[in-house]
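Asker:
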Amino acid sequence: MAEKSKNAISEERDQAGLILRKFIHVIWINFKLCKWILPCNLLKNIIHAAVPYVGIIYGCDILNRLVSGEPRQEIINVVYRLAFTTFILTILFHILDKMGNAMRDSIRYRIQKDVAEKAVCLDYQDLERQETMQILTAALEGEKESGGIYWFSDKLGTLVGDTASIIYAFMVLFPILNVAGNVGGSGVEKLLNSKGMVYLIFLLNLLSMFLFMWISKAGNRKQYHLYEESLDAVRKDGYFYREILSKYQTGKEIRMYGLKELLMRDMMAVWDEKCDIQTRKIVLQDRIRIEYQVVQAVLLALSYIVVGMRGVNGMVTGAEVVKYVSALTALGGACRYMVEHFENVLLNMQYLYHYYEYLNLPNRKETGNISARNLAGQELTVTFENVSFRYPGAEKYSLENINMTMCFGEKIALVGPNGAGKTTLVLLLCRLYEPTDGRILLNGKDIREYDYREYMNLFGVVFQDFKLFAMNVAENVAASEDYDEELVWECLEKAGIRERVSQMDEGIKTQLYNVGIPGVEISGGEAQKIAIARALYKSAPFIILDEPTSALDPVAEYEIYAGFDKLVAEKLAVYISHRMSSCRFCERILVLEEGHIAEEGNHDSLLAQNGIYAKMWNMQAKNYQ
14 MAEKSKNAIS
24 EERDQAGLIL
34 RKFIHVIWIN
44 FKLCKWILPC
54 NLLKNIIHAA
64 VPYVGIIYGC
74 DILNRLVSGE
84 PRQEIINVVY
94 RLAFTTFILT
104 ILFHILDKMG
114 NAMRDSIRYR
124 IQKDVAEKAV
134 CLDYQDLERQ
144 ETMQILTAAL
154 EGEKESGGIY
164 WFSDKLGTLV
174 GDTASIIYAF
184 MVLFPILNVA
194 GNVGGSGVEK
204 LLNSKGMVYL
214 IFLLNLLSMF
224 LFMWISKAGN
234 RKQYHLYEES
244 LDAVRKDGYF
254 YREILSKYQT
264 GKEIRMYGLK
274 ELLMRDMMAV
284 WDEKCDIQTR
294 KIVLQDRIRI
304 EYQVVQAVLL
314 ALSYIVVGMR
324 GVNGMVTGAE
334 VVKYVSALTA
344 LGGACRYMVE
354 HFENVLLNMQ
364 YLYHYYEYLN
374 LPNRKETGNI
384 SARNLAGQEL
394 TVTFENVSFR
404 YPGAEKYSLE
414 NINMTMCFGE
424 KIALVGPNGA
434 GKTTLVLLLC
444 RLYEPTDGRI
454 LLNGKDIREY
464 DYREYMNLFG
474 VVFQDFKLFA
484 MNVAENVAAS
494 EDYDEELVWE
504 CLEKAGIRER
514 VSQMDEGIKT
524 QLYNVGIPGV
534 EISGGEAQKI
544 AIARALYKSA
554 PFIILDEPTS
564 ALDPVAEYEI
574 YAGFDKLVAE
584 KLAVYISHRM
594 SSCRFCERIL
604 VLEEGHIAEE
614 GNHDSLLAQN
624 GIYAKMWNMQ
634 AKNYQ
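Just so we're aligned: the sequence shown equals residues 14 to 638 in my numbering.
#1: Using three-state DSSP, classify residue 125 as helix, strand or coil.
#2: If you reduce the DSSP assignment to three classes, tell me which class residue 401 lands in.
#3: Whose C-alpha, out of 74, 279, 465 and 549, is nearest the C-alpha of residue 136?
#4: With DSSP run on the structure shown, which of helix, strand or coil describes residue 591?
#5: Can you give me the C-alpha to C-alpha distance between residue 556 and residue 480, rounded to a whole angstrom?
#6: Bridge partners of residue 458, per DSSP?
#7: Per DSSP, residue 604 is paired with what?
#8: What would DSSP say about residue 586, mapped onto helix, strand or coil?
#9: In terms of residue numbering, what span does the beta strand (DSSP E) encompassing residue 413 cover?
#10: Between which two residues does the beta strand (DSSP E) harbouring residue 556 extend?
#11: On the criterion of 16 or more Cβ atoms from any shown chain inside 10 Å, does residue 351 qualify as buried, or is it exposed?
#12: Would you mind working out which of 439, 186, 175 and 452 sits nearest residue 347, comparing C-alpha positions?
#13: Give me the residue from 147, 166, 543 and 310 with the minimum Cα distance to residue 57.
#14: Give the single residue among 610, 606 and 597 whose Cα lies nearest to the Cα of residue 618.
#15: Who are the near neighbours of residue 14 in its chain, counting only those whose CB is closer than 6 Å to its CB and skipping five residues on each side?
#16: Which value, in whole angstroms, describes the spacing of the CA atoms of residue 437 and residue 430?
#17: May I ask you to check if the CB of residue 128 is nearer than 8 Å to at least one heavy atom of the ligand NAP?
#18: Under three-state DSSP, which class holds residue 472?
#19: Could you check where the alpha helix (DSSP H) with residue 440 kicks off and where it finishes?
#20: I'd like to know whether the C-beta atoms of residue 374 and residue 148 end up nearer to each other than 9 Å.
#21: Classify residue 216: buried if its beta carbon has 16 or more other beta carbons within 10 angstroms, exposed otherwise.
#22: With DSSP as the reference, label residue 374 as helix, strand or coil.
#23: Please report the straight-line C-alpha distance between residue 563 and residue 383, rounded to a whole angstrom.
#24: Have a look at 540, 522, 535 and 526 and flag the residue whose alpha-carbon is nearest the alpha-carbon of residue 7.
#25: Below 8 Å CB to CB, which residues in the same chain sit around residue 284 once its five sequence neighbours on both sides are set aside?
#26: Which residue or residues does DSSP assign as beta-bridge partners of residue 463?
#27: Could you round the C-beta distance between residue 612 and residue 622 to whole angstroms and report it? I think they count as a contact, below 8 Å.
#28: Roughly how many whole angstroms lie between the Cα atoms of residue 449 and residue 489?
#29: Measuring only the C-alpha atoms, how far is residue 47 from residue 478?
#30: Give the DSSP-derived three-state secondary structure of residue 291 in the structure shown.
#31: Report the residue from 310, 308 and 334 whose alpha carbon sits nearest the alpha carbon of residue 319.
#32: For the candidate residues 52, 126 and 97, whose alpha-carbon lies nearest to that of residue 109?
#33: When you compare the CB positions of residue 504 and residue 469, do they come within less than 9 Å of one another, or not?
#34: On a Cα-Cα basis, can you pick out the residue from 86, 561 and 608 that is closest to residue 475?
#35: Would you mind working out which of 404, 72, 292 and 394 sits nearest residue 419, comparing C-alpha positions?
#36: State the DSSP-derived secondary structure class of residue 54, mapped to helix, strand or coil.
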């Protein structure tokens, strides 16, 4: 039993230490983002807490002077002092509040920038992981749910203001502790007029803070569980808005296939789930608020009775009764809000944990230090040594024991059934994935030893699921706002899209896609050609084309193939296609099946083998007879 108690104490200490470290970390983040935000909020809330007590103290003084019949001018002077003090404090509060709002907007921008930068710099392999997406969703929702880091500084300032309000209240109420007298009446009346009753009220107010803390802690714990419960619904809701409701491209399928009822069913289910969780949150918050108010009402009622009895018995003046009642009301509210804001600050740190977790995700690929900058002018050789890869959570390997060498100047085609591992092999070569086993060598060195950014610059790639962006044509091709116009036009020419772009109103400066600003909508084939031009503009020693003609008409496809040698120039070209006729343009063909290299050779030798390649070729050839 004693051992269990020791363990419990140790766990509590560890938890307290963790909370303290998180608290310090959040403060440091605030200081790092904007060093003036915390001092500004602290001072603002201390001033805000003082304003009511200035009115209480001066108001009591004015009433006492009026009752005692002091000269009119002296009373007016007190009124002027009250007005001036309140004016100065109010002006200072609003100035600091405006400054704080401006700084919070700046912090909000910095946070959004940090999240965006992390999203575009994160290892691609991690970006595809479900766990990473869960962390990101939790981070963004936690930021929204809690108000974020900028909210933390404001609430911490409010907490300090609550503390200041309690101190002000005790300063105002302290004189009543020394007021007690021998009055007649019943035992109850004598008890109410005793010093002990006043001390008891103060003690009860302090104890109420611990009661508020217990109520708030239990409520916040349930609230946080509701937040975690809502994350799946939030992700689904985001998908509906992002992929269905906000993309006109989905409108065709919805209308042609009558998907309205099916989609509305799924969307309503998600919205009902979110609504249910939100309703439970509101009910929980209302329950906590009612519990607070009941406790506070009991304490205030008792306090009013005690102060009122002192006024009735002439122990304090009528003005002092008003002062003490006002101060007690403020004290009860400050005690409640102090605890509430304290628990909210702790809860905020729980929400922000996911934000820090996301920003601190490691970029494992950024560890290489060998420069790859000078490799572009060399004859490059890539070697796969017993390379295997399995997707996270998958039982089966997508690639297994791949051994092969690719040399500079070769034109290699990768063919095979769907799911054979062709695209996965390319992603490994580009270091978007890391091998589960084995290694890939570039000129005899493990590619993980090279500087990641410099290594990526060795590749010009057109992915099967390529993306163009809502920017002008030249920026899409050059991937930069600084571009060589002549080279852009040259690459567009090689890709067979120059004439189409030249017919656009602003040529290569024409905006693509309508996203808030007018743009040109282009066909899938036109987009694919621009993507090819982008790969060519990079002028990298490796060029990888994954189904680069899937959206092209037969004429455009023939033009690409006819100029294939000129297109890839003196590069190591890797070409993936399901159209077997395109493989004839490649000197070497690798046939993949179930993650293995099943066959290898040129077009004629593979046909002679009468294996997988020959079967695929003959099946497609029948369609053209």
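Ideal Cβ placement from N, Cα and C applies to all residues, glycine included.
Answerer: Concretely, from the data shown:
#1: Locating residue 125 in the sequence shown gives position 112, counting from the first residue. The answer is helix: DSSP assigns residue 125 an H, G or I state.
#2: As a first step, residue 401 is located in the sequence shown; it is residue number 388 there, counting from the start. In the structure shown, residue 401 sits in a strand (DSSP, three-state: E or B).
#3: Reading the sequence shown from its first residue, position 123 is the one you call residue 136. Residue 465 is the option with its Cα nearest to residue 136.
#4: What you label residue 591 is simply residue 578 of the sequence shown in a count that begins at 1. The answer is coil: DSSP assigns residue 591 none of H, G, I, E or B.
#5: Counting from one through the sequence shown, the residue named residue 556 turns up at place 543. Counting from one through the sequence shown, the residue named residue 480 turns up at place 467. Going by the C-alpha atoms only, they are around 17 Å apart.
#6: In the sequence shown, the residue the question calls residue 458 occupies position 445. For residue 458, which the question treats as bridged, DSSP gives the partners 455.
#7: If you number the sequence shown from 1, residue 604 lands on position 591. Answer is 428 and 612, bridged to residue 604.
#8: Translated into the one-based positions of the sequence shown, residue 586 becomes position 573. Residue 586 falls in the strand class under three-state DSSP.
#9: Within the sequence shown, numbered from 1, the residue matching residue 413 stands at position 400. Residues 412–420.
#10: Locating residue 556 in the sequence shown gives position 543, counting from the first residue. It spans 555–559 - the beta strand (DSSP E) in which residue 556 sits, taken as one unbroken run.
#11: One-based indexing of the sequence shown puts residue 351 at position 338. By the 10 Å Cβ count, residue 351 comes out buried.
#12: Translated into positions along the sequence shown, residue 347 becomes position 334. Measuring from the Cα of residue 347, the nearest candidate turns out to be 175.
#13: Here residue 57 corresponds to residue number 44 of the sequence shown, with the count starting at 1. Nearest C-alpha to residue 57: 166.
#14: Within the sequence shown, numbered from 1, the residue matching residue 618 stands at position 605. Of 610, 606 and 597, the residue nearest in Cα terms is 597.
#15: For this step, residue 14 is matched to residue 1 along the sequence shown. Residue placement at residue 14 cannot be trusted, given a pLDDT of 45 that sits under 50; what the coordinates show is reported in the next sentence. Same-chain partners within the cutoff: there are none.
#16: Counted from its first residue, the sequence shown places residue 437 at position 424. Counted from its first residue, the sequence shown places residue 430 at position 417. Cα-Cα distance, rounded: 13 Å.
#17: Although the ligand NAP was asked about, the structure shown includes no ligands whatsoever.
#18: The count along the sequence shown starts at 1 and reaches residue 472 at position 459. It is a strand residue.
#19: Taking the sequence shown and counting its residues from 1, one reaches residue 440 at position 427. Its alpha helix (DSSP H) spans residues 435–442.
#20: Within the sequence shown, residue 374 is the residue found at index 361, counting from 1. Within the sequence shown, residue 148 is the residue found at index 135, counting from 1. Taking 9 Å as the Cβ cut-off, residue 374 and residue 148 qualify as a contacting pair.
#21: For the purposes of this step, residue 216 is identified with residue 203 of the sequence shown, where counting begins at 1. Exposed is the call here.
#22: The count along the sequence shown starts at 1 and reaches residue 374 at position 361. Three-state result, residue 374: coil.
#23: Here the question's residue 563 lines up with position 550 in the sequence shown. Here the question's residue 383 lines up with position 370 in the sequence shown. Straight-line Cα distance between these residues: approximately 37 Å.
#24: In this structure the chain extends from 14 to 638, so residue 7 is not present and cannot be described.
#25: Residue mapping note: residue 284 aligns to position 271 of the sequence shown, counting from 1. Around residue 284: 250.
#26: The count along the sequence shown starts at 1 and reaches residue 463 at position 450. Paired residues: 383.
#27: Along the sequence shown, read from residue 1 onward, the residue named residue 612 stands at position 599. Along the sequence shown, read from residue 1 onward, the residue named residue 622 stands at position 609. The Cβ separation is near 6 Å, so the contact holds.
#28: By 1-based counting over the sequence shown, the position of residue 449 is 436. By 1-based counting over the sequence shown, the position of residue 489 is 476. Straight-line Cα distance between these residues: approximately 33 Å.
#29: Here the question's residue 47 lines up with position 34 in the sequence shown. Here the question's residue 478 lines up with position 465 in the sequence shown. Roughly 41 Å separates the two Cα atoms.
#30: Indexing the sequence shown from 1 puts residue 291 at position 278. Of the three classes helix, strand and coil, the one that applies to residue 291 here is helix, per DSSP.
#31: In the sequence shown, counting from the first residue as 1, residue 319 sits at position 306. For residue 319, the nearest C-alpha among the options comes from 334.
#32: Numbered from its first residue, the sequence shown carries residue 109 at position 96. Comparing Cα positions, the closest option is 52.
#33: If you number the sequence shown from 1, residue 504 lands on position 491. If you number the sequence shown from 1, residue 469 lands on position 456. No.
#34: Here residue 475 refers to the residue found at position 462 when the sequence shown is read from its first residue. Considering only alpha carbons, the answer is 561.
#35: Numbered from its first residue, the sequence shown carries residue 419 at position 406. Out of 404, 72, 292 and 394, 394 has the C-alpha closest to the C-alpha of residue 419.
#36: Position 41 of the sequence shown holds residue 54. Residue 54 falls in the helix class under three-state DSSP.
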